[in-house]
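*Asks:* Those protein sequence lines, which keep their order, are chains A and B. Mind the numbering: the first sequence is residues 804 to 931 in my numbering, read in order. Mind the numbering: the second sequence is residues 804 to 931 in my numbering, read in order.
There are 2 protein chains.
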Amino acid sequence: MASLGELERAVMDLLWAGQEAATANKLRDLLAQDSAATDGIAGHQGKDLAVTTVLTVLSRLEKKGLVERERGTRPHRYQAVSSRADHTADLMHEALGSAPDREAVLARFIGSVSESEAATLRKLLGKN
Amino acid sequence: MASLGELERAVMDLLWAGQEAATANKLRDLLAQDSAATDGIAGHQGKDLAVTTVLTVLSRLEKKGLVERERGTRPHRYQAVSSRADHTADLMHEALGSAPDREAVLARFIGSVSESEAATLRKLLGKN
DNA sequence: TAGTTGTTTCTACGCAACGTAGAAAATGGA
DNA sequence: TCCATTTTCTACGTTGCGTAGAAACAACTA
Numbered sequence: 804m805a806s807l808g809e810l811e812r813a814v815m816d817l818l819w820a821g822q823e824a825a826t827a828n829k830l831r832d833l834l835a836q837d838s839a840a841t842d843g844i845a846g847h848q849g850k851d852l853a854v855t856t857v858l859t860v861l862s863r864l865e866k867k868g869l870v871e872r873e874r875g876t877r878p879h880r881y882q883a884v885s886s887r888a889d890h891t892a893d894l895m896h897e898a899l900g901s902a903p904d905r906e907a908v909l910a911r912f913i914g915s916v917s918e919s920e921a922a923t924l925r926k927l928l929g930k931n
Numbered sequence: 804m805a806s807l808g809e810l811e812r813a814v815m816d817l818l819w820a821g822q823e824a825a826t827a828n829k830l831r832d833l834l835a836q837d838s839a840a841t842d843g844i845a846g847h848q849g850k851d852l853a854v855t856t857v858l859t860v861l862s863r864l865e866k867k868g869l870v871e872r873e874r875g876t877r878p879h880r881y882q883a884v885s886s887r888a889d890h891t892a893d894l895m896h897e898a899l900g901s902a903p904d905r906e907a908v909l910a911r912f913i914g915s916v917s918e919s920e921a922a923t924l925r926k927l928l929g930k931n
């Protein structure tokens, strides 16, 4: 129960990027900006989402446990439950988790990691 | 384009487990066995899939690039394109890949790995 | 060569997830 | 009490997946 749709991911990216909790309206605006930027000079003909759309997505993300909502304030405020790094690491563990041959997987994983990342990993593991 | 459904995964598990390429019929039988075993003494009332079902799934897996089919022989023979370990490692890279903060992700990942696996990783990264 | 049988392809249905949003309800201020 | 803002409810279209029947196809036998 962890994979995200395109819009869900876009919203999470915004929540992860901003440090403050955001309202649905704020997020809608940011999404419009983003798509305008992506469309380039062509003019953002695409995506002006309805606020209800954003709210629906936020509810779904809340149900999935990725988003937390403050119900006290009137425009509710939404924020990511965990950082993107944490979430991504969780995903990696999830992929790894269901494998009966964890060591082999780790071997392959390490095998196809860039040298600089390998260095990072060595550092993190405490070199001994 | 990488996530698998339940049956798709069951089929891949069989292909990954067996060393030889298998036919659709063989796979159907193995699936029936598996579900019988899972059902325990209760009697495998559940899953006797039609061969066409297995064939459909195999086609979809082929389209996804996970399965390769020999069309020469009459009962076509199917096999996994890459090992489960490779595939899982790919998934991990995929999760990691889309992150702008790769180092942070790796840090979190390492942080929540068991000590024995950390040891494995150290060995694999071994400065040698 | 024509029938028979095993195999594959085509087509399709139901269900769940997701993008999308209108209609209606709720809430807080004028 | 009425209005504007915000949230909830409901819903529709699309896509992926489990599932399989019907039809096409290939190989063997009589």
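Note that CB positions come from ideal geometry on N, CA and C, so glycine has one too. Since the model is a prediction, treat every value here as computed from it, not as a measurement.
(1) Could you give the distance in angstroms between the alpha-carbon of D832 (chain B) and the alpha-carbon of R877 (chain B)?
(2) Going by DSSP, what residues sit across from Q882 (chain B) in a beta bridge?
(3) If I'm right that H896 (chain B) touches S915 (chain A) with Cβ under 8 Å, what's the distance once you round it to whole angstroms?
(4) Hey, Q882 (chain B) and A824 (chain B): beta-carbon distance below 7 Å or not?
(5) Give the DSSP-derived three-state secondary structure of Q848 (chain A) in the structure shown.
(6) CB A910 (chain A) to CB R911 (chain B), shorter than 7 Å?
(7) Would you give the residue range spanned by the alpha helix (DSSP H) that G993 (chain B) belongs to?
(8) Do you know whose CA, among A:D904, A:A898, A:E918, A:S886, lies nearest S954 (chain A)'s CA?
(9) Out of A:L927, A:R880, A:L864, which one is the CA nearest neighbour of G821 (chain A)?
(10) Residues of chain B with CB under 9 Å from A902 (chain A), in chain order?
(11) Taking the beta carbon of A827 (chain A) as the centre, do at least 16 other beta carbons fall within 10 Å, making it buried, or is it exposed?
(12) Which residues in the same chain as A813 (chain B) place their Cβ atom closer than 8 Å to its Cβ, once the five residues preceding and following it in sequence are excluded?
(13) Shortest alpha-carbon distance to D904 (chain B) belongs to which of A:G900, A:S886, A:V908?
(14) Name the chain B residues that come within less than 7 Å of E906 (chain A), Cβ to Cβ?
(15) Which of helix, strand or coil does DSSP assign to A824 (chain B)?
(16) Excluding five sequence neighbours on each side, which residues of the same chain lie with their C-beta closer than 8 Å to the C-beta of V884 (chain B)?
(17) Between A921 (chain B) and L928 (chain A), is the Cβ-Cβ spacing less than 7 Å?
*Replies:* On the basis of the data shown:
(1) 18 Å
(2) B:E871
(3) 7 Å
(4) yes
(5) Low confidence applies here, because Q848 (chain A) scores a pLDDT of 45, under 50, leaving its location unreliable and the question unanswered by this model.
(6) no
(7) With chain B covering only 804 through 931, there is no way to say anything about residue 993 (chain B).
(8) The structure shown does not extend to residue 954 (chain A), since chain A is modelled only from 804 to 931, so the question has no answer here.
(9) A:R880
(10) R887, A888, T891
(11) buried
(12) L834, D837
(13) A:S886
(14) T923
(15) coil
(16) G868, L869, V870, E871
(17) yes
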